[in-house]
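Take a look at the structure set out below.
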Amino acid sequence: MEKKIEYLIDMRINTLKDQLQSANNQISELQQEIATLKNKVQRLDSGVQRAPANPQTTLVTEEQKPQQASSAPMQPDNRAGSYTPEDVSVDKMFYYGNK
1425 MEKKIEYLID MRINTLKDQL QSANNQISEL QQEIATLKNK VQRLDSGVQR APANPQTTLV
1485 TEEQKPQQAS SAPMQPDNRA GSYTPEDVSV DKMFYYGNK
């Protein structure tokens, strides 16, 4: 009877060891994947220029550009399609919901 109990305990311990080893393997794979993703993000961040420190200044200049462009008289050559990015506001091209 004692041998049966020892055998059952050993079986249970072995299954727990296998599960623990599997979990450790998965954790190490995830750590490697996280390290790879961090490296990719760092490379992408180094290639991208940082946003301006004062976003309110950017908003003001973006709002002023469409007003200046709309106040300029439309030239005949603009009807043929020779527009510049300053001529057309992004807000006119895309709908962002209720304003």
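Going by the working numbering, the sequence shown opens with residue 1425, and the numbers climb by one from there. From the three backbone atoms N, C-alpha and C, an ideal C-beta is built for every residue, glycine too.
SER1452 sits in a helix when the DSSP states are folded into three classes. Collapsing the DSSP output to three states places ASN1522 in coil. Secondary structure at VAL1472: coil, using DSSP grouped into helix, strand and coil.
The DSSP-derived three-state label of MET1425 is coil.
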